[in-house]
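Encoded as structure tokens, the structure appears first; notes follow it.
There are 2 protein chains.
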Amino acid sequence: MRKFTLFFTLLSILSLNLPAQSHHLMPVPRRVEWPAGQFRLDKQFTLTVSKSAPENLIAAADRFMRRLDGRTGLFLLQIESDFIRNDNLPKEANLDIQVERKGKLELGEDESYQLKVDADGITLTATTDFGAMHGLETLLQLLEVDADGYYFPAVQIEDEPRFPWRGLMIDVARHFEPMHVLKRNLDAMASVKLNVFHFHLTEDQGWRFESKKFPKLHEMGSDGLYYTQDEMRDLVAYAADRGIRVVPEFDVPGHSTALLVGYPELASAPGPYTIERKAGIMDPTLNPTIDATYDLLDTLFKEVTDIFPDVYFHIGGDENNGKQWDQNADIQAYMKANKIADNHALQTEFNRRILKTLTSYGKKMMGWDEILQPDLPKDAVIHSWRGKEALYAAAKDGYQAVLSNGYYIDLCKPTDHHYLNDPLPASMTADLTADQKARILGGEATMWGELVTPLTMDSRIWPRTAAIAERLWSPESVKDVDDMYRRLGVISLQLEELGLLHIASREMIMRKLCRGPHTEPLRVLLDVVEPLKGYERNPASKFYKMLSPMSLFADAAGPDAAGARIFRAQVQAYLANPTPENKAVIRAQLLAWRDNHAQLKPIIDRSPVLKEVEQLSANLALISGLSIAVMDEVRPYEDTMDAAFEAAKEQGGRTELMVVDAIQELIKE
Amino acid sequence: MRKFTLFFTLLSILSLNLPAQSHHLMPVPRRVEWPAGQFRLDKQFTLTVSKSAPENLIAAADRFMRRLDGRTGLFLLQIESDFIRNDNLPKEANLDIQVERKGKLELGEDESYQLKVDADGITLTATTDFGAMHGLETLLQLLEVDADGYYFPAVQIEDEPRFPWRGLMIDVARHFEPMHVLKRNLDAMASVKLNVFHFHLTEDQGWRFESKKFPKLHEMGSDGLYYTQDEMRDLVAYAADRGIRVVPEFDVPGHSTALLVGYPELASAPGPYTIERKAGIMDPTLNPTIDATYDLLDTLFKEVTDIFPDVYFHIGGDENNGKQWDQNADIQAYMKANKIADNHALQTEFNRRILKTLTSYGKKMMGWDEILQPDLPKDAVIHSWRGKEALYAAAKDGYQAVLSNGYYIDLCKPTDHHYLNDPLPASMTADLTADQKARILGGEATMWGELVTPLTMDSRIWPRTAAIAERLWSPESVKDVDDMYRRLGVISLQLEELGLLHIASREMIMRKLCRGPHTEPLRVLLDVVEPLKGYERNPASKFYKMLSPMSLFADAAGPDAAGARIFRAQVQAYLANPTPENKAVIRAQLLAWRDNHAQLKPIIDRSPVLKEVEQLSANLALISGLSIAVMDEVRPYEDTMDAAFEAAKEQGGRTELMVVDAIQELIKE
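These protein sequences, in sequence, are chains R and H. Position one of the first sequence corresponds to residue -1 (the numbering used here), numbered consecutively onward. Position one of the second sequence corresponds to residue -1 (the numbering used here), numbered consecutively onward.
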């Protein structure tokens, strides 16, 4: 360790800003140096792990070797006849993994590691197994190729996370996600060093937690789609083996329709209730003025805490619109009798009682912005969907806080939008003390479930979330968007090796939509469209309910249309520097788009499910053709063309073309 | 029902031989008539199910609607706000499903159905839910498209299976397959009307059954990769809901290394034993002369029968090489004392005791050919891997029998090989009585697990097994290979809608091998190669062990190289009819192959994992170039060219080119 420290002390502070290497590490480590040299890989490659290493690290080392084997096809001898186990570790090996102790799976545990590769071998040292596993992921990302085969480049890395809370929330309530889908996403999280899985288990649209004490919760609130307690325990163990904490969320007092299907007597308005099928903010709310509510929650939360050992317990607390409270005479009378001024105060009262329960079970309460009310104890954690002002206000007020505003990956915004969303930018936080800054624990990508199914889940989370993971792990100075996109392409392929379907699912949907393997014209179109962003794709649940089909054009479209992004950059380059070469690139692309509709039209004609995007495809062809004509000076730019460009901004199949402005910019001067 | 009977009585017997319709039903129904007309589909489309219908049929009807919705994008109103349930069925609907009773999940249950589509609506009638579910699958396959949208063509179908035992065996022991992989394969089985899942749970290479009585079985014999009893119960229920019986196999007395890891005292030779990692026939065998063996099996099989309700219980019984018995003095002494002539007789003695156990639990014994020894009771079922002679001999001997010889889908033979393998061809069975014929229950595709993982499993089973399903369901006269391949392409896409990865996994592997999304040159090569067939890919486990990487070139290659099959047909057409048009088709293909290597080479150069197929690709280019030169009369055919063609037959990456003979045939006259 001392050697490392000395080494890095000698490095200039500039090493934080990595040179434009051709490496594809993500997240970028805190400190990296690239001496000359390399360690060559062959089938004799071996690893060993220090004797004191916990079982889960040895299993992780075995997985590392198998991933390496699958990528290189070397048929590594060490793992051909057995799994790597405690009792078959070699004394010496090419990769030596040394850890001091088993990590405690809790906020702030040491996750640092040091990795050194040279021609003689590889050393990975870490205080805990968590750090060592991060190092193994880095090492896999380091694998390079040359004419002679595979090698690891010589490198010295000293790495640790910037923020201790680096999370992914998956809403399994709006749409149920089977365990194997969650597990492969946990694998993906581990590969980019995320360490908190926020398990959003309950909603108006579904209750996914098996309760032995209150079976009507899952029996009546889930359509039969829930997790057994054994399954959830298994998931917690699976996550723990990968250094990932699991924070369960039970959203109360709002978002509780599914709960009230089985227990309508706990509602603030008379039932019966049925599982909600629409998206949006719903009225049903628990009645905070009756003991029965707390009796159920007390007992239920005990069941929950028996399964989820993490000290944090998320109670949601968001988006209670108060309508049922306003209209309930008993509740109004209670408020009057107890001098409760308004609904905010009533919810604070509710939270206070919930907090008492959680505290008695040794848990710390976490909730969305709304829980921050006077009297909230300081060990509660504020989860901010509202924004950074709220975040810093909470920190100044003495609360720890986690940022999700800006990380709503369900809204299909491009990766750079999330990537540049720093939880603690120097520019905005000059007035925060060190203590206040330390209270900003990190962030969470939130995968809300209204428009996602097991088929599309991976493609909505990945690879974008790898960029958020980098934001939460790497120094603030790492923020080159082009370089992020370059590396993200490589990381995306590595994620696929874990069995994720973020690339394959699009192709599966395309084949279905095209009714055959010839999907290229559809791919060309998909490559420049994105699903409508924000809440525009499904305002007031007008277009989709929870049971609507979600394997159509918009579901194959991605939030980061690569073709559009590249074209926009090409247009900027051309406008800045209108060389014939730059023009030729653009003209070729426009020609391809102009002619694509004629390719796609016959497919649409024999596949009515694609009719919804016929106009979109025609629009792309039309504006591309116009632009070529003007560029070629076949005709001048005319204001009447504006109508075509305006029309091309219309949605089709709940997606939109992402190149309209760029094409117009080319010719409108 | 009477109406249907009358209708079909009027049909000529010729209707068994379907006209060359453009339909893509698979399996082809027993009787089909295509009157004029159609039923148009729109979002108002509804279905209802008779009041007496069992829950699983209502759930199946809901799944039918959702699959229809996903394929058409109609946003069907009936299912947008709820699942179809017993209490929300409409009185009248476009699709009326009438069943008489819940089927019993046992051999020979009524699986027939009648389906009638005309402009006014659709009627599906069946005796049991199993028949009705088959009818729903047929209806989904009937969906057609025209300029106005989706419709079902008018049709009258009277359908029932030719054989009552239509199975798929999956070996989950050589490689473990997670539950979700099995479930999606059960969905696929149901979609082509297969009705037996043969669950091969134990092997030398792994023990996958959780035993509460003998926990060392799964704890020491599985690397932690086993099914809990709850999971197996869940799988049985999932299969039952789809009309699929589950027959468990516990292979004894051979194939038992994994069992002996935990219980070496039951072996016929001293231990200790470790889980086998190679493929092949192994020596370890249970000791049939000690009571301890039967004590364990008695208790274990009781546990098994508690989980698997099917009356059939498969004991394997194959490939005991007898070596351990020959070398064990105690066993030899026992044989002498008990006048047991040889190892066959000893195994018969073993089977007799096992049979007694199974009989006491109400089970019928099933086993591979080897169990057929004198004294085997007549209610045992012979599972034939040896061939039809053995099959018919068993039937003549009074045994029921199931054919798997010819259905070994792990051997990567082409689909037509399996398709034309009739269990009971008229030509071979003239001497069998009706009773004897009736004892041939059907067949099973066997997916042995030596070379398959969760990633590639689907691609090794599908779509080929759909053709086997047709062989076992449809009349013997349905055997047009070209038409089978035409329909198989459509069915393959429909299987993908169920979430199967048989197409996607190849693309996932290709992206990994090419280290990027540009995989087209590799696809061109893959399209004309097949994995080495039979046991040639891995003789004596020389190339692969169970833990070897199996996501490489051969794993992306398929057993039915479409490009090769099409080219071979084109060559035959050209040789029979050497028109300029036929020649042009072939020449274009040869040119593409000749030039492909130059495209693939740079990819191989930056991806060493592909080096193993560089020569294969070069060979294809070379012989294609030679053939063009000769066809173009640039040079004459010379005998020296033979060497190039011979060399092109060499394997590469454990695959072989499937077009060498056809290319040579073109020019060698």
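C-beta atoms are modelled at their ideal positions from N, C-alpha and C, and glycine is treated no differently.
Exercise. Hey, out of PRO372(H), LYS581(H) and ALA554(H), whose CA is closest to PHE565(H)'s CA?
Worked result: Position 567 of the second sequence, counted from the first residue, corresponds to residue 565(H). Comparing C-alpha distances from PHE565(H) to each of PRO372(H), LYS581(H) and ALA554(H) shows the shortest one belongs to LYS581(H).
For this session: Determine whether the Cβ of PRO547(R) lies closer than 7 Å to any Cβ atom of chain H.
Result: Counting from 1 along the first sequence, the entry for residue 547(R) is found at position 549. Output row for PRO547(R): interface = yes.
For this session: Leaving out five residues on either side along the sequence, give the residues of the same chain with a beta carbon under 7 Å from the beta carbon of TYR359(H).
Result: As a working mapping, residue 359(H) is identified with position 361 in the second sequence. Closer than 7 Å at the Cβ level, and outside the excluded window around TYR359(H), lie PHE299, LYS300 and THR303.
Exercise. In chain order, what residues of the same chain have a beta carbon less than 7 Å from the beta carbon of SER622(R), not counting five sequence neighbours either side?
Worked result: On the first sequence, position 624 is the one that residue 622(R) refers to. Taken in chain order, the residues that qualify are LEU588, TRP591, ARG592 and ILE661.
Exercise. Residues in its own chain within less than 7 Å of ARG384(R) by CB, not counting five upstream and five downstream?
Worked result: Position 386 of the first sequence, counted from the start, is the residue given in the question as residue 384(R). Excluding positions up to five away in sequence, the list reads ASP367 and ASN403.
Problem set entry | For TRP32(R), the nearest candidate out of ARG652(R), TYR390(R), GLU505(R) and VAL153(R) (CA to CA) | Residue numbering aside, residue 32(R) sits at position 34 when the first sequence is read from its first letter. Nearest C-alpha to TRP32(R) among ARG652(R), TYR390(R), GLU505(R) and VAL153(R): VAL153(R).
Problem set entry | Contact set between ASP221(R) and chain H, taken where Cβ atoms lie within less than 8 Å | Here the question's residue 221(R) lines up with position 223 in the first sequence. Those within 8 Å of ASP221(R) in chain H are PHE81.
Exercise. Between the stretch 387 to 398 of chain H and the stretch 333 to 345 of chain H, are three or more C-beta pairs nearer than 8 Å?
Worked result: Judged by Cβ distances under 8 Å, the stretch 387 to 398 of chain H makes no contact with the stretch 333 to 345 of chain H, as fewer than three pairs qualify.
Problem set entry | the stretch 546 to 563 of chain H / the stretch 596 to 614 of chain H touching (three or more Cβ pairs under 8 Å) | Result yes; three or more Cβ-Cβ pairs closer than 8 Å.
Exercise. How is TRP32(R) classed by DSSP in three states: helix, strand or coil?
Worked result: The count along the first sequence starts at 1 and reaches residue 32(R) at position 34. Secondary structure at TRP32(R): coil, using DSSP grouped into helix, strand and coil.
Exercise. Can you list, in chain order, the residues of the stretch 126 to 159 of chain R whose Cβ is nearer than 9 Å to any Cβ on chain H?
Worked result: The residues in question are VAL143, ASP144, ALA145, ASP146, GLY147 and TYR148.
Exercise. Measuring CA to CA, which of LEU192(R), GLN139(R), ASP118(R) and ASP630(R) is closest to PHE37(R)?
Worked result: Numbered from 1 along the first sequence, position 39 holds the residue referred to as residue 37(R). The shortest C-alpha separation from PHE37(R) is found at ASP118(R).
Problem set entry | For ARG469(H) and GLU347(H), the rounded distance between their alpha carbons | Here residue 347(H) refers to the residue found at position 349 when the second sequence is read from its first residue. Here residue 469(H) refers to the residue found at position 471 when the second sequence is read from its first residue. Cα to Cα, the separation comes out at about 36 Å.
Problem set entry | Secondary structure of GLU156(H), DSSP reduced to three states | In the second sequence, counting from the first residue as 1, residue 156(H) sits at position 158. GLU156(H) falls in the strand class under three-state DSSP.
Exercise. So ARG563(R) is in the alpha helix (DSSP H); what residue range does that whole segment cover?
Worked result: For this step, residue 563(R) is matched to residue 565 along the first sequence. Note, ARG563(R): alpha helix (DSSP H), 560 to 574.
Exercise. What is the rounded straight-line gap between the Cα of LEU122(H) and the Cα of ILE155(H)?
Worked result: For the purposes of this step, residue 122(H) is taken as residue 124 along the second sequence, with counting starting at 1. For the purposes of this step, residue 155(H) is taken as residue 157 along the second sequence, with counting starting at 1. CA-CA distance, LEU122(H) to ILE155(H), rounds to 9 Å.
For this session: Run down chain R in chain order and give the residues with a C-beta less than 8 Å from the C-beta of ASP603(H).
Result: In the second sequence, the residue the question calls residue 603(H) occupies position 605. Those within 8 Å of ASP603(H) in chain R are ALA145.
Problem set entry | CB contact check: GLU247(R) to chain H, cutoff 7 Å | On the first sequence, position 249 is the one that residue 247(R) refers to. For GLU247(R), no CB of chain H lies under 7 Å from its own CB, so it is not counted at the interface with that chain.
Exercise. Between ILE665(H) and the rest of its own chain, which residues show a CB-CB distance below 6 Å, the 5 nearest in sequence each way excluded?
Worked result: Taking the second sequence and counting its residues from 1, the one referred to as residue 665(H) is at position 667. Correct list, in chain order: SER625, VAL628 and TYR635.
Problem set entry | Limits of the alpha helix (DSSP H) - the one that LYS89(H) falls within | Here the question's residue 89(H) lines up with position 91 in the second sequence. Counting along the chain, LYS89(H) falls outside any alpha helix (DSSP H), and DSSP gives it neither H nor E.
Exercise. Does the stretch 193 to 210 of chain R come close enough to the stretch 171 to 183 of chain R to have 3 or more Cβ pairs within less than 8 Å?
Worked result: Taking 8 Å as the limit for Cβ pairs, the verdict is that the stretch 171 to 183 of chain R does touch the stretch 193 to 210 of chain R.
For this session: Check each candidate in THR444(R), LEU430(R) and TYR397(R) and name the one with the smallest Cα separation from ASP408(R).
Result: Counting from one through the first sequence, the residue named residue 408(R) turns up at place 410. Check the Cα spacing between ASP408(R) and each of THR444(R), LEU430(R) and TYR397(R): the tightest is with THR444(R).
For this session: Pull up the CB-CB distance for ALA59(H) and LEU74(H), whole angstroms please, since I reckon it's below 8 Å.
Result: For the purposes of this step, residue 59(H) is taken as the residue at position 61 of the second sequence. For the purposes of this step, residue 74(H) is taken as the residue at position 76 of the second sequence. With a Cβ gap of about 12 Å, ALA59(H) and LEU74(H) do not count as contacting.
Problem set entry | GLN371(H) - DSSP class collapsed to helix/strand/coil | Along the second sequence, one-based indexing puts residue 371(H) at 373. Residue state, collapsed to three classes: coil.
Problem set entry | LEU258(H): contacting residues in chain R (beta-carbon distance under 9 Å) | For the purposes of this step, residue 258(H) is taken as residue 260 along the second sequence, with counting starting at 1. The premise fails here: LEU258(H) is roughly 17 Å from chain R at the closest Cβ pair, so nothing lies under 9 Å.
For this session: Answer yes if the stretch 129 to 141 of chain H comes into contact with the stretch 180 to 191 of chain H, meaning at least three C-beta pairs across the two stretches below 8 Å, and no otherwise.
Result: In this structure the stretch 180 to 191 of chain H lies against the stretch 129 to 141 of chain H, because at least three pairs of beta carbons, one per stretch, are closer than 8 Å.
Exercise. Going by C-alpha distance, which of ASN193(H), ILE279(H), ILE305(H) and LEU258(H) is nearest LYS210(H)?
Worked result: The sequence position of residue 210(H) within the second sequence is 212, counting from 1. Residue ILE305(H) holds the alpha-carbon nearest to the alpha-carbon of LYS210(H) among ASN193(H), ILE279(H), ILE305(H) and LEU258(H).
Exercise. Do we get a CB-CB distance below 7 Å when we pair MET67(R) with the residues of chain H?
Worked result: Here residue 67(R) is taken as the residue at index 69 of the first sequence, counted from 1. In the sequence on display, residue 67(R) carries Asp and not Met. So yes, ASP67(R) belongs to the interface.
Problem set entry | Residue from MET230(R), MET280(R) and LEU573(R) with nearest C-alpha to PRO251(R) | Here residue 251(R) refers to the residue found at position 253 of the first sequence. The shortest Cα separation from PRO251(R) among MET230(R), MET280(R) and LEU573(R) belongs to MET280(R).
Problem set entry | chain R contact residues for PHE299(H), given Cβ-Cβ distances below 8 Å | Numbered from 1 along the second sequence, position 301 holds the residue referred to as residue 299(H). Residues of chain R with a Cβ closer than 8 Å to the Cβ of PHE299(H) do not exist, since the nearest Cβ in that chain sits about 25 Å away.
For this session: Ignore the nearest five residues each way along the sequence and tell me which others in ALA619(H)'s own chain have a CB closer than 8 Å to its CB.
Result: Taking the second sequence and counting its residues from 1, one reaches residue 619(H) at position 621. Scanning its chain for C-beta atoms nearer than 8 Å, with the 5 sequence neighbours on each side dropped, one finds around ALA619(H) the residues TRP591, ARG592, ASP593, ASN594, HIS595 and ALA596, in chain order.
Exercise. Under 7 Å between C-beta atoms, does ILE77(R) make it to chain H?
Worked result: As a first step, residue 77(R) is located in the first sequence; it is residue number 79 there, counting from the start. Cβ-Cβ to chain H under 7 Å: yes for ILE77(R).
Exercise. Name the DSSP beta bridge partners of TRP205(R), please?
Worked result: Indexing the first sequence from 1 puts residue 205(R) at position 207. Its beta-bridge partners are THR200(R).
Exercise. Roughly how many whole angstroms lie between the Cα atoms of ALA467(R) and GLY497(R)?
Worked result: Here residue 467(R) is taken as the residue at index 469 of the first sequence, counted from 1. Here residue 497(R) is taken as the residue at index 499 of the first sequence, counted from 1. In this model, ALA467(R) and GLY497(R) are separated by some 19 Å (Cα to Cα).
Exercise. When Cβ atoms are compared, which residues of the stretch 176 to 191 of chain R fall closer than 7 Å to chain H?
Worked result: So the list reads PRO176 and HIS178, given in the order they occur along the chain.
Problem set entry | Residues from the stretch 274 to 285 of chain H in contact with chain R, defined by Cβ distance under 7 Å | Cβ contacts with chain R: ARG275.
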